Amino acid sequence: MKQNRNRRQARLYAFQSLYAKEFHNPEETVIMPEEESNSNGAMDVAYAEAIINGVTANQSILDELLQAHSPKRKIGQLGAVERNVLRLAAWELTVSPEAIDSRIVINEAVQLAKDFGSDKGYKFINAVLDAIAKEKQVKKDSPAVAVENESEVKSDVKAR
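First residue of the sequence shown: 1, per the UniProt record's numbering; consecutive thereafter.
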């Protein structure tokens, strides 16, 4: 349970930092909480930093992905809350080196949207992220990908 709370706090901190970057110099370095001030384990500082750096480094790729799953609404025209919640969650679903259950990512994003966004923004976020998660699952389950992965494993075994 503590790990979940730590990650929830990390997502919240990352979201707030990404949101603030929209209104300030985006090149400014985000100041992470000191380990001493976080000694009670309220936040996974490394994970918050990974989210912030990952979203910042992959912002254009994430925006393209989000736009592909939101053809009727331009990502640049969304409110800053919705846009940054979507970027954060899209990074967790697609770019993050950790395999995180898509249901957890979507639930956390919806909760952030409910807490900080417009009244109906969370529904839009849920729909977009669900579409991305389903597409990711289809690609993962695709026979072509399975064959490709199998041949990679075989070539790796032969190399040994």
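For glycine and all other residues, C-beta sits at the position ideal for the given N, C-alpha and C. Source: prediction; values computed, not measured.
Cα-Cα separation between residue i and residue j, rounded to whole angstroms
i: Asn84; j: Ala90; result: 10 Å
i: Leu62; j: Lys114; result: 22 Å
i: Ala55; j: Ser142; result: The sequence as given places Val at residue 55; Ala does not occur at that position. Looking at the two C-alpha atoms, the distance is approximately 27 Å.
i: Asp101; j: Arg73; result: 26 Å
i: Asn58; j: Glu92; result: 11 Å
Proximal residues to residue i (C-beta, below 6 Å), its chain only, five neighbours per side dropped
i: Glu108; result: Arg11
Limits of the unbroken alpha helix (DSSP H) element including residue i
i: Val85; result: 80-94
i: Gln111; result: 102-116
i: Phe124; result: 121-141
i: Ala57; result: 45-57
Neighbourhood of residue i by C-beta, 7 Å cutoff - its chain only, sequence neighbours within 5 removed
i: Arg7; result: Asp44, Tyr47
i: Ile52; result: Ala14, Ser17, Leu18, Val30
C-beta neighbour in chain D for residue i, strict 8 Å
i: Phe23; result: The chain inventory of the structure shown lacks chain D, comprising one protein chain alone.
DSSP three-state assignment for residue i, whether helix, strand or coil
i: Arg73; result: coil
i: Glu98; result: coil
Same chain, Cβ closer than 8 Å to residue i, neighbours up to 5 away in sequence not counted
i: Ser118; result: Gly79, Val81, Glu82
i: Leu88; result: Arg11, Ala14, Phe15, Leu18, Ile51, Val55, Ala109, Leu112
Three or more beta-carbon pairs under 8 Å between the region 59-76 and the region 98-107, yes or no?
-> no
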